[in-house]
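Below is one structure, written out as structure tokens, with a few remarks after it.
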Amino acid sequence: MRFLVLGAAAGGGLPQWNCGCPNCIDARRGKIASASQSSLAVTLNGRDWAVLNASPDIRAQMHRCPQMHPRALRDTPLASVLVTNGDIDHIAGLLSLREQSPFTLFGTSEILGVLAENRVFDAVSAAKVTRRALEIGQPFDLLEGLSAQVFPVPGKVPLFMEGETVETDLVGEQTVGVRLSDGDGVAYYIPGCADVTPELLAILEDADQLFFDGTLWDDAEMIRSGTGVKTGRRMGHISISGAGGSIAKLEGLSANKTFIHINNTNPVWQPDSPERAFVQAAGWTVAADGMEIST
Ligand code: MLT
Ligand code: MN
Ligand code: ZN
């Protein structure tokens, strides 16, 4: 399996259009690398690609990657797209893929339901783009020879569908992780996750490669930085640091571990920060746009 990080950042990207936090300022100045929004591409043969989550930046992401360019008059190496939740950073890019090239769109019934309820997605022609509903735990071919299955991870409904009260650790079809296997290696992709439960830990045991939710360094990051009023927990994202954080909870996994879907406020974006040093010392990599990882 060959992975290509199309977008390492969480929703908003780095820099985010309306943000003047230190990371966004540094990214605008070119002092640190910019990053686009949450998406990971995978291929076995280098010709056919699947994209995990279609970010609003997908047009620029595909433009930047020669591997994703058309090889004929109307053509695309993109064979399939899988969406892991209904958040805008994971579905809005579908609207940029509406120009009548066939591919398969995979998601759970609940996530495909979000698209069905929002008629603007009818622009992604059902005649060309086959929507395939996934059953939890049922293997399917994401690409020829690349077996995948989805499993529930703690999360919540998309931000734009939140009601008065919000359950932030729903385990169902609204937020899923993906297991990928080519018969040799096993990789997991979990860009949004509210908690690492014992059930999730058991699933991840056979991982050779893990791409995991690196949204926030700590739960109060948005509040402390003055960029938001919500905790990470309220946003449906476990933090990297702390006793209940992802580094501590996933410590026992021998997999190659990569943080992805990283919010622009996260101090791990700074290459010289103590937080980056901590993450690396714990054996984790911080994803960057264009990063390639083979399993
Ligand atoms: C998230 O990951 O929490 C969402 O992408 C937030 C959003 O939709 O802006
Ligand atoms: Mn997101
Ligand atoms: Zn910012």
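As numbered in our numbering, residues -4 to 290 make up the sequence shown, in order. Note that CB positions come from ideal geometry on N, CA and C, so glycine has one too. Nothing here was measured: the structure is a model prediction, and the numbers come from that model.
What residue range is occupied by the uninterrupted beta strand (DSSP E) comprising residue i?
{"i": "Gln144", "result": "141 to 147"}
{"i": "Val109", "result": "Taken as a continuous stretch (DSSP letters only), Val109 belongs to no beta strand (DSSP E), being part of the alpha helix (DSSP H) at 104 to 112."}
{"i": "Arg204", "result": "According to the sequence shown, residue 204 is Gln rather than Arg. That run of the beta strand (DSSP E) goes 204 to 208."}
{"i": "Ile255", "result": "251 to 255"}
{"i": "Ala45", "result": "44 to 47"}
{"i": "Arg(-3)", "result": "-3 to 2"}
{"i": "Asp190", "result": "Premise fails: Asp190 is in no beta strand (DSSP E) and is neither H nor E."}
Helix, strand or coil for residue i? Go by DSSP, reduced to three states.
{"i": "Ala182", "result": "strand"}
{"i": "Asp214", "result": "coil"}
{"i": "Ala276", "result": "helix"}
{"i": "Lys123", "result": "coil"}
{"i": "Gly357", "result": "No answer is possible for residue 357: the residues shown for the chain start at -4 and end at 290."}
{"i": "Val263", "result": "helix"}
{"i": "Ala197", "result": "helix"}
{"i": "Ile288", "result": "strand"}
{"i": "Gln32", "result": "strand"}
Whole angstroms are fine: how far does the CA of residue j sit from the CA of residue i?
{"i": "Gly237", "j": "Gly231", "result": "16 Å"}
{"i": "Gly167", "j": "Thr99", "result": "23 Å"}
{"i": "Thr170", "j": "Arg229", "result": "15 Å"}
{"i": "Phe116", "j": "Arg126", "result": "11 Å"}
{"i": "Asp203", "j": "Ala250", "result": "4 Å"}
{"i": "Thr79", "j": "Val145", "result": "8 Å"}
{"i": "Leu1", "j": "Ser31", "result": "7 Å"}
{"i": "Leu205", "j": "Asn48", "result": "16 Å"}
{"i": "Ala215", "j": "Ala277", "result": "22 Å"}
{"i": "Ile255", "j": "Leu9", "result": "13 Å"}
{"i": "Val263", "j": "Val148", "result": "24 Å"}
{"i": "Gly180", "j": "Met(-4)", "result": "8 Å"}
{"i": "Glu94", "j": "Glu246", "result": "44 Å"}
{"i": "Glu139", "j": "Cys16", "result": "43 Å"}
{"i": "Val281", "j": "Gly25", "result": "18 Å"}
{"i": "Arg66", "j": "Leu35", "result": "21 Å"}
{"i": "Val109", "j": "Met156", "result": "9 Å"}
{"i": "Tyr183", "j": "Val173", "result": "6 Å"}
{"i": "Arg219", "j": "Ser96", "result": "45 Å"}
{"i": "Ser142", "j": "Thr290", "result": "14 Å"}
Tell me which residue opens and which closes the alpha helix (DSSP H) that residue i is part of.
{"i": "Arg174", "result": "No alpha helix (DSSP H) holds Arg174; the beta strand (DSSP E) holding it covers 171 to 176."}
{"i": "Asn18", "result": "17 to 24"}
{"i": "Ile242", "result": "241 to 244"}
{"i": "Gly227", "result": "227 to 230"}
Can you round the beta-carbon distance between residue i and residue j to whole angstroms, since I take them to be within the 8 Å contact cut?
{"i": "Gln62", "j": "Leu154", "result": "That pair is no contact at about 32 Å."}
{"i": "Ala283", "j": "Ala3", "result": "5 Å"}
{"i": "Ile27", "j": "Pro266", "result": "7 Å"}
Test item, CB below 5 Å from any non-hydrogen atom of the ligand MLT: Answer in sequence order: Gly6, Asp82, Ile83, Asp84, Leu154, Met230.
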